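Structure first, commentary second.
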Amino acid sequence: MQYVVGQSVDIHGFVTSEKFIANCSLSEIEKRLGFHQGRLMQGAAFLVLSGTPSDKDFELRGYSNVADHRFKMPSGLDVKVLKRNVKEAWEEDQTQLIKVVPRQGHNPEISDDIQYPPGHGVPQWKLTSDYKARVVAVYSPNDYVARTPYRRNHS
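Numbering (our numbering), first residue to last: 1 to 155.
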């Protein structure tokens with residue numbers, strides 16, 4: 001899909017808080033989120049959620065140092081309470097939830113362990129149903145080489 005700044009789209013999958021990637025280059029974002037080196041080399045789009053997901057719209061997924069294919073929810077946790085705490089923190093912090101969409105998609109020919117190595121431990125959540133988001137920035141391969149930091153385009 002071709003993304004354009006200002007475009008409204010439905011998204012699902014992994015999101016994080018914008019503050020954990022702000023002012024980072026694409027190569028640094030790869031490391032923080034747990035994408036293999038070079039995954040964002042072709043560019044990426046950055047999409048901010050329109051609002052706060054309800055409890056039924058997301059799952060807890062810990063931190064980016066454990067990829068989804070390795071994640072196991074610890075036993076004995078009250079997920080309802082944890083989700084309530086997360087939502088309260090998002091609202092108190094005025095968190096902008098963001099999705100990074102690499103131009104280079106998932107490659108089924110490469111193992112998940114290679115494509116999704118341990119990241120730097122950025123909090124992450126998984127949207128389980130489509131959610132409205134707005135494209136706030138689109139980066140090209142030149143931005144990877146130039147180490148252009150992510151900054152939201154306010155247009």
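Cβ coordinates follow ideal geometry from the N, Cα and C atoms, glycine included. The structure displayed is predicted, hence computed values, not measured ones.
DSSP-derived helix/strand/coil call for residue i
i: residue 134; result: strand
i: residue 104; result: coil
i: residue 25; result: strand
i: residue 9; result: strand
i: residue 60; result: strand
i: residue 155; result: Note that residue 155 scores a pLDDT of 45, beneath 50, so its modelled location is shaky; the value from the coordinates is reported in the next line. Reduced to three states, the DSSP call for residue 155 is coil.
i: residue 53; result: coil
i: residue 72; result: coil
i: residue 124; result: strand
i: residue 97; result: strand
i: residue 33; result: helix
Inter-residue spacing [alpha-carbon to alpha-carbon] between residue i and residue j
i: residue 54; j: residue 96; result: 15 Å
i: residue 80; j: residue 93; result: 20 Å
i: residue 74; j: residue 142; result: 41 Å
i: residue 70; j: residue 64; result: 11 Å
i: residue 52; j: residue 105; result: 26 Å
i: residue 7; j: residue 24; result: 23 Å
i: residue 116; j: residue 35; result: 5 Å
i: residue 109; j: residue 119; result: 21 Å
Spatially closest choice to residue i from the options, by CA coordinates
i: residue 67; options: 77, 33, 75; result: 33
i: residue 5; options: 147, 136, 151, 140; result: 136
Buried versus exposed call for residue i [16 or more other C-beta atoms within 10 Å across all chains shown]
i: residue 83; result: buried
i: residue 99; result: buried
i: residue 16; result: buried
i: residue 145; result: exposed
i: residue 30; result: buried
i: residue 76; result: exposed
i: residue 155; result: The predicted model places residue 155 with a pLDDT of 45, which falls under 50 and marks its position as unreliable; any figure quoted below should be read in that light. When all chains shown are included, residue 155 counts as exposed.
Cβ distance (whole Å) where residue i is taken to contact residue j below 8 Å
i: residue 129; j: residue 78; result: With 8 Å as the limit, residue 129 and residue 78 do not qualify as a contact, their Cβ atoms being about 22 Å apart.
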